[in-house]
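Asks: Mind having a look at this structure? Questions to follow.
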Amino acid sequence: MAPVLDVLPYRHVLTLPNEPSAVRLARETAEQALVEWGIDLHRPVVDAALLILSELVTNSVRHAAEVSPQIMVMYAASGGHLAFAVHDRHPHQPSLHPAATGTSGGLGTVMELTRQLGGTVAVHGDADGKSIWTTLPL
Numbered sequence: 028m029a030p031v032l033d034v035l036p037y038r039h040v041l042t043l044p045n046e047p048s049a050v051r052l053a054r055e056t057a058e059q060a061l062v063e064w065g066i067d068l069h070r071p072v073v074d075a076a077l078l079i080l081s082e083l084v085t086n087s088v089r090h091a092a093e094v095s096p097q098i099m100v101m102y103a104a105s106g107g108h109l110a111f112a113v114h115d116r117h118p119h120q121p122s123l124h125p126a127a128t129g130t131s132g133g134l135g136t137v138m139e140l141t142r143q144l145g146g147t148v149a150v151h152g153d154a155d156g157k158s159i160w161t162t163l164p165l
């Protein structure tokens with residue numbers, strides 16, 4: 028499900044109910060994982076990464092909860108990269124073209140912040156739904 032997990036040595040996976048409280052839990056878990064992995068929470072990229080993660084989880088809560096009662100949040104890192112993904116069971120795979128996402132909130136925010144930070148966003152679909160991955164340079 029997660030090609031990024033194969034190359035980044037630090038990994039954590041969390042399954043959450045697909046409800047609004049998942050946003051806070053995903054963020055808190057990210058902060059704990061980053062500290063455990065020795066990544067300074069005061070690095071400039073970390074605040075943006077946590078916002079990106081929050082937007083990805085919020086999108087699943089808003090758009091996939093009816094068909095995906097749970098979401099899986101994946102965290103991965105190495106000395107030079109940080110990656111987050113949110114997997115839900117909704118079959119729709121959103122377009123990652125800026126014109127399709129807009130720029131206000133949601134996936135538009137994810138795309139814009141990731142671009143500004145020199146990272147990448149990818150959608151990986153399979154028979155179980157989709158994962159939206161964001162990888163950022165540290």
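Take the sequence shown: its letter number 32 is residue 59 in our numbering, and every next letter is one higher.
Note that the Cβ used here is the ideal one computed from N, Cα and C, for glycine as well.
This structure is a prediction, so every number in the text was calculated from the model and none was measured.
How is Asp-153 classed by DSSP in three states: helix, strand or coil?
Replies: In this structure, Asp-153 counts as strand in the three-state DSSP scheme.
Asks: Check the DSSP bridge columns for Ser-158 and list the partner residues they point to.
Replies: According to DSSP, which records beta bridges pairwise, Ser-158 is partnered with His-114, His-151.
Asks: I need the straight-line Cα distance from Val-73 to Gly-145, nearest angstrom please.
Replies: Cα to Cα, the separation comes out at about 14 Å.
Asks: So does the stretch 73-84 actually touch the stretch 103-116, counting three or more Cβ pairs closer than 8 Å?
Replies: Yes, the stretch 73-84 touches the stretch 103-116.
Asks: Please look up how many angstroms separate the CB atoms of Gly-107 and Pro-71, rounded, as I've assumed it's under 8 Å.
Replies: Not really, about 15 Å apart at Cβ, beyond 8 Å.
Asks: Measure the CB-CB distance between Lys-157 and Gln-120 and report whether it falls below 7 Å.
Replies: Yes, the Cβ-Cβ distance between Lys-157 and Gln-120 is below 7 Å.
Asks: Given a threshold of 16 other Cβ atoms within 10 Å of its Cβ, counted over all protein chains shown, does Thr-42 qualify as buried or as exposed?
Replies: Counting Cβ neighbours within 10 Å, Thr-42 comes out exposed, since fewer than 16 surround it.
Asks: Enumerate in chain order the residues of its own chain whose CB-to-CB distance from Ala-126 is below 6 Å, with the five nearest sequence positions on each side excluded.
Replies: Annotation note: pLDDT 49 at Ala-126 (below 50); position unreliable, no value reported.
Asks: Who are the near neighbours of Glu-58 in its chain, counting only those whose CB is closer than 8 Å to its CB and skipping five residues on each side?
Replies: Leu-68, Leu-77, listed in sequence order.
Asks: Would you call Val-34 buried or exposed, if buried means 16 or more other Cβ atoms sit within 10 Å of its Cβ?
Replies: Classification for Val-34: exposed.
Asks: Quick check: Thr-136 and Val-148, are their CB atoms within less than 7 Å of each other?
Replies: For Thr-136 and Val-148, no; Cβs fall outside 7 Å.
Asks: For Pro-47, which residues of its own chain have a beta-carbon under 7 Å away from its beta-carbon, when the five flanking residues on both sides are left out?
Replies: So the qualifying residues of the chain are Val-88.
Asks: Suppose the cutoff is 7 Å on Cβ atoms and the five residues either side in sequence are ignored; what does the same chain contact list for Arg-54 look like?
Replies: Counting only Cβ-Cβ distances below 7 Å, and skipping sequence neighbours, we find Leu-77, Leu-80, Ser-81.
Asks: Taking C-alpha atoms, which residue in Asp-115, Val-50, Tyr-102, Ala-104 lies nearest to Glu-93?
Replies: The candidate whose alpha carbon is nearest that of Glu-93 is Asp-115.
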